[in-house]
Amino acid sequence: MSSKVVAIVGSYRKGGAIDTAVEAILEGAREKGAQTHTIYLREQHVEFCTNCRQCTQSPGAERVKCAQQDDLESILKEIEAADAVVLGSPVNYYNATALFRRFLERLLGFFYWPWGNNLLVQRNKRQSRKAVLVASAGMPGFLIPLATGAPRALRLMAKSFGAKPVGSLWIGLVSQEPHPRLSARTLERARHMGWKLA
Ligand SMILES: Cc1cc2nc3c(=O)[nH]c(=O)nc-3n(C[C@H](O)[C@H](O)[C@H](O)COP(=O)(O)O)c2cc1C
405 MSSKVVAIVG
415 SYRKGGAIDT
425 AVEAILEGAR
435 EKGAQTHTIY
445 LREQHVEFCT
455 NCRQCTQSPG
465 AERVKCAQQD
475 DLESILKEIE
485 AADAVVLGSP
495 VNYYNATALF
505 RRFLERLLGF
515 FYWPWGNNLL
525 VQRNKRQSRK
535 AVLVASAGMP
545 GFLIPLATGA
555 PRALRLMAKS
565 FGAKPVGSLW
575 IGLVSQEPHP
585 RLSARTLERA
595 RHMGWKLA
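Under the working numbering, the residues of the sequence shown are numbered 405 to 602, in order.
This is how it looks when you write it as structure tokens:
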């Protein structure tokens, strides 16, 4: 049976650096027989976490559903049915976008954290999926993991999904022109990362 790869995109811009890089990764995965689907967070109805913490109170290995009614549950069901994920966000003000982080903050149901406990504990520590992490920025790419919080946000999301990062793509210098074109080398690297996910 073919593997299923789901991408979560936290870019505000259609056809920008993150959309292009994520699509190249998925193209690579499809070349190796995977089925792929992209969830553009900008098109989803995802509310802010209200810190009610209802989803963190009862123990157990299963994720607890959020009490809010929006698109979160259907997105998470899709992730849970996937073998691998691609997580992508531009770097805005030295971190993942607000769009990406708003979704990240809604993943508390993967953790047990009753009132009175100082630390949250992941409900299921099994890493049964693979992940590729992607960030883009105006600064040179090598600075993204050194100077920004974006990789940490991407890793936290992968961890919540029980996904082990098998590759990362830090794409720099994307603010040179209004519509960034990724280099042939970057696109090739992206495709090859997709191969690892299939
Ligand atoms: C509000 C805002 C804040 C930004 N902050 C940073 C930053 O802190 N560091 C940086 O290198 N680039 C920064 N950028 C540039 C974005 O990272 C770049 O435009 C983005 O990676 C392009 O991705 P996209 O084509 O998918 O939109 C910022 C852009 C915007 C709009």
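In this text, a Cβ means the ideal position worked out from N, Cα and C, and glycines have one as well.
- Cβ contact annotation for residue 517 (same chain, cutoff 6 Å, sequence separation greater than five): 460, 524, in chain order.
- At a threshold of 7 Å, residue 412 does not count as near ligand 1, since its beta carbon sits no closer than that to any of the ligand's heavy atoms.
- Taking the Cβ of residue 497 as the reference point, at least one heavy atom of ligand 1 falls within a distance shorter than 7 Å.
- By the Cβ neighbour-count rule, residue 487 is buried, with 16 or more other Cβ atoms within 10 Å of its own.
- Using a cutoff of 7 Å, the CB of residue 566 does not count as near ligand 1, since none of the ligand's heavy atoms is closer than that.
- Rounded to the nearest angstrom, the Cβ distance from residue 433 to residue 598 is 4 Å, consistent with a contact under 8 Å.
- No residue range can be given for residue 578, since it is assigned to no alpha helix (DSSP H) and is classified by DSSP as neither H nor E.
- Fully enclosed alpha helix (DSSP H) runs of no fewer than 4 residues occupy 476 to 484 of the region 438 to 496, in order along the chain.
- For residue 564, the enclosing alpha helix (DSSP H) starts and ends at 554 to 564.
- DSSP, reduced to helix, strand and coil, places residue 535 within a strand of the structure shown.
- Secondary structure of residue 569 (DSSP, three-state): strand.
- No heavy atom of ligand 1 is found nearer than 7 Å to the CB of residue 444.
- Look at residue 436 here: in three-state DSSP terms it is coil, with no helix or strand label.
- Per DSSP, reduced to three states, the secondary structure at residue 408 is strand.
- In the DSSP assignment, no residue is bridged to residue 498.
- One alpha carbon belongs to residue 408, the other to residue 414, and they sit about 20 Å apart.
- Residue 515 is bridged by DSSP to 526.
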